[in-house]
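Residue numbers (mature numbering (1 follows the signal peptide of the UniProt record, and there is no 0)): -18 to -1, 1 to 234.
Now the structure itself:
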């Protein structure tokens, strides 16, 4: 079953799904469409990188991923190494190439980033999440909803349907500090924050505090989908009475 949630994996790897000639990969427990983050071994990452080298991005299967600003047809696995070296790039801007390694969430990425319709993207992603497309729908929704409340996104007034990627970067600067989110994907930082993996919510219970969600939010900034994820929160989970009762008390 495909795995992708509100905030994409630490490295966002599931490249074989988007490759034409690559054989099927072993299941990867780490993705970046949402807060669906669980343990992943470097062996698994290495296997997927090896498979990625054997093929190219499948634009026929994921056409929305091959348009501006995603342009996955231009990226190879070597972009991943550059991302790990330079995090958000030497320019200090978000690097969307990591999203190319988790194309199962194409409707979310392309509707938000290509069509620039954040509200529609939020609703589409919510429907896919609760339907169980990525994993157990209720567990994923709990994880996502707890993230939304803890990070204060349910009270956010800055992100609108017209928010651009450039504006989202400015919001990330204000929320977390420019250096924080532009360095979050570096190898050194990933190793430094490796203990975060042990703090991920178990059995769909949801996050408990910001020590668990901050890293995920920083990655959303670095990968260029913070505004997409914020709207997903505001438009769907934050309005659901069930999640308000469950996680509303966690809001700052």
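Heads up, the beta-carbon is just placed ideally off N, CA and C, and yes, glycines get one too.
Quiz item: Are residue 77 and residue 206 touching if we call contact CB-CB under 8 Å?
Solution: The residue labelled residue 77 in the question sits at position 95 within the chain shown. The residue labelled residue 206 in the question sits at position 224 within the chain shown. Closer than 8 Å, so yes.
Quiz item: Do residue 153 and residue 141 have their C-beta atoms within less than 8 Å of each other?
Solution: Residue 153 sits at position 171 when you count from the first residue of the chain shown. Residue 141 sits at position 159 when you count from the first residue of the chain shown. Result yes, Cβ atoms of residue 153 and residue 141 sit closer than 8 Å.
Quiz item: Expressed to the nearest angstrom, what Euclidean distance is found between the alpha-carbon atoms of residue 214 and residue 104?
Solution: The sequence position of residue 214 within the chain shown is 232, counting from 1. The sequence position of residue 104 within the chain shown is 122, counting from 1. Between residue 214 and residue 104, the C-alpha separation is close to 4 Å.
Quiz item: First and last residue of the alpha helix (DSSP H) that includes residue 208?
Solution: If you number the chain shown from 1, residue 208 lands on position 226. Start and end: 208 to 217.
Quiz item: Just the Cα atoms here: how many angstroms apart are residue 240 and residue 232?
Solution: This structure gives no information on residue 240, because the portion of the chain shown stretches from -18 to 234.
Quiz item: Which residue comes first and which comes last in the alpha helix (DSSP H) that contains residue 155?
Solution: Position 173 of the chain shown holds residue 155. Per DSSP, the unbroken alpha helix (DSSP H) holding residue 155 starts and ends at 147 to 158.
Quiz item: Cα separation between residue 51 and residue 111?
Solution: By one-based count along the chain shown, residue 51 stands at place 69. By one-based count along the chain shown, residue 111 stands at place 129. Using only the alpha carbons, I get a separation of about 24 Å.
Practice problem: Rounded to whole angstroms, what's the CA-CA distance from residue 147 to residue 203? Just pull it up for me. | Solution: The sequence position of residue 147 within the chain shown is 165, counting from 1. The sequence position of residue 203 within the chain shown is 221, counting from 1. Approximately 10 Å, taken between the alpha carbons.
Self-check item: Bounding residues of the alpha helix (DSSP H) (the contiguous stretch that carries residue 111)
Solution: Position 129 of the chain shown, counted from the first residue, corresponds to residue 111. Counting along the chain, the alpha helix (DSSP H) containing residue 111 begins and ends at 100 to 112.
Exercise. Under 6 Å Cβ to Cβ from residue 195, same chain only, skipping five residues before and after it: list those, please.
Key: Mapped onto the chain shown, residue 195 falls at position 213. Within the same chain, residue 195 has close Cβ partners 129, 132, 133 and 189.
Quiz item: Looking at the unbroken alpha helix (DSSP H) that takes in residue 89, where does it start and where does it end?
Solution: Counted from its first residue, the chain shown places residue 89 at position 107. Here the alpha helix (DSSP H) through residue 89 covers 88 to 91.
Practice problem: For residue 99, collect the residues of the same chain with a Cβ closer than 6 Å to its Cβ; drop the 5 residues on either side in sequence, then sort them by chain order. | Solution: Here the question's residue 99 lines up with position 117 in the chain shown. If we look at residue 99 and ignore the five residues flanking it on each side, its Cβ neighbours are 93.
Practice problem: Mark residue 212 as exposed unless 16 or more other C-beta atoms lie within 10 angstroms of its C-beta, in which case mark it buried. | Solution: What you label residue 212 is simply residue 230 of the chain shown in a count that begins at 1. With 16 or more other Cβ atoms within 10 Å, it is buried.
Quiz prompt | residue 134 (DSSP reduced to helix, strand or coil) | solution = For the purposes of this step, residue 134 is taken as the residue at position 152 of the chain shown. Residue 134: coil per DSSP, three-state reduction.
Exercise. Since I believe residue 120 is in contact with residue 74 (beta carbons under 8 Å), could you give me their beta-carbon distance rounded to a whole number of angstroms?
Key: For the purposes of this step, residue 74 is taken as the residue at position 92 of the chain shown. For the purposes of this step, residue 120 is taken as the residue at position 138 of the chain shown. In fact, because the Cβ distance is near 39 Å, the residues do not count as touching under 8 Å.
Self-check item: Under the three-state DSSP convention, the category residue 57 falls into
Solution: Counting from one through the chain shown, the residue named residue 57 turns up at place 75. Correct three-state label for residue 57: coil.
Quiz item: Alpha carbon to alpha carbon, what distance is there between residue 101 and residue 143?
Solution: As a first step, residue 143 must be located in the chain shown, where it is residue number 161. As a first step, residue 101 must be located in the chain shown, where it is residue number 119. Going by C-alpha positions, residue 143 is about 6 Å away from residue 101.
Exercise. Tell me, to the nearest whole angstrom, how far the beta carbon of residue 210 is from that of residue 95; I am working on the premise that it is less than 8 Å.
Key: Counting from one through the chain shown, the residue named residue 210 turns up at place 228. Counting from one through the chain shown, the residue named residue 95 turns up at place 113. The Cβ separation is near 7 Å, so the contact holds.
Practice problem: Spatial neighbours of residue 138 within its chain, please: CB distance less than 7 Å, with the 5 preceding and 5 following residues excluded, ordered by chain position. | Solution: As a working note, residue 138 is residue 156 in the chain shown. The answer, listed in chain order, is 212 and 216.
Quiz item: From residue 158 to residue 39, what does the alpha carbon distance come to, in whole angstroms?
Solution: Translated into the one-based positions of the chain shown, residue 158 becomes position 176. Translated into the one-based positions of the chain shown, residue 39 becomes position 57. Approximately 32 Å, taken between the alpha carbons.
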